[in-house]
Amino acid sequence: MQLNRLVNFHKTVGDKTRLRIVGLLKEGPLHGQAIAGKLGLTPPTISHHLTKLKEIDIVYQRRDKNTIYYHLNERKLDLLAGAITRLGDEEMNTEFQVTDEEKHKVLSNFMDSDGKLKSIPAQLKKRLIILEHILQGLEPGETYSELKINEHIKKYHEDYATIRREFIMHHFMTRDKGYYELNPRELWLIQ
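Numbering-wise, the sequence shown is residues 1 to 191 according to UniProt numbering.
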């Protein structure tokens, strides 16, 4: 799961009113007016909070005649709420553990003598090895602009957008408002 989604989930549900709404919806679907009445808040306030909960997909709505009922997406809530306990889990990463010999073989097959990437490997395990190699020179705790990340990636391959996206997808880095930062090594899919 992408780290940004997990952070966004916790920021969104980290509000007393939203937690109370989730608690009410665990008992069953309710319409906005009923939620407002039970919480002693105005319908526009409830509407605002419901919109935030719908954005992270833990609340959805269904129309019954002229009334919109809000339902709790319990499966999604359980998935997102439990994701934090699975960060860095050994079983998440064991499939991608590689030996130094494997790394050397992949690097020699996909990198030319100038250190440029010949092609992006299709096989995930090999692609992760290449991505880890490209990260060399980036420092933990440093924040990099998108321009700086692009320049760094161009040293290895011209398709910086794809590589940048792969860094995010495979938890090597996080992105926030156009700035990138290395994740702790324990969160990477490859060890």
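We treat Cβ as the ideally placed atom computed from N, Cα and C, and that holds for glycine. Source: prediction; values computed, not measured.
Hey, how far is the Cα of residue i from the Cα of residue j?
| i | j | result |
| --- | --- | --- |
| tyrosine 144 | arginine 175 | 9 Å |
| alanine 83 | arginine 165 | 21 Å |
| alanine 81 | aspartate 112 | 44 Å |
| leucine 79 | leucine 24 | 19 Å |
| leucine 30 | glutamate 132 | 48 Å |
| threonine 51 | glutamine 61 | 10 Å |
| valine 13 | threonine 67 | 25 Å |
| glutamate 146 | serine 119 | 22 Å |
When burial is assigned at 16 or more other CB atoms within 10 Å of the CB, is residue i buried or exposed?
| i | result |
| --- | --- |
| leucine 19 | exposed |
| valine 106 | buried |
| histidine 49 | buried |
With residue i as the anchor, note down where its beta strand (DSSP E) starts and where it stops.
| i | result |
| --- | --- |
| aspartate 64 | 59–64 |
| isoleucine 120 | Per DSSP, isoleucine 120 belongs to no beta strand (DSSP E) and is neither H nor E. |
| histidine 71 | 67–72 |
| glutamate 181 | 179–182 |
Would you mind reading off the limits of the alpha helix (DSSP H) that contains residue i?
| i | result |
| --- | --- |
| aspartate 176 | Per DSSP, aspartate 176 belongs to no alpha helix (DSSP H); it is in the beta strand (DSSP E), 173–176. |
| glutamate 47 | Checking the displayed sequence, the identity of residue 47 turns out to be serine instead of glutamate. Run containing serine 47: 43–55, per the alpha helix (DSSP H) assignment. |
| tyrosine 160 | 160–169 |
Pick from the options: whose alpha carbon is nearest that of residue i?
| i | options | result |
| --- | --- | --- |
| leucine 128 | Lys52, Thr99, Asp57 | Thr99 |
| lysine 137 | Pro121, Tyr156, Ser119, Leu124 | The amino acid occupying residue 137 in the given sequence is glycine; lysine does not appear at that position. Cα-wise, what sits closest to glycine 137 is Tyr156. |
| alanine 122 | Gly115, Asn109, Asp114 | Asn109 |
Is residue i near residue j, with beta carbons less than 7 Å apart?
| i | j | result |
| --- | --- | --- |
| asparagine 73 | isoleucine 56 | no |
| isoleucine 46 | glycine 32 | yes |
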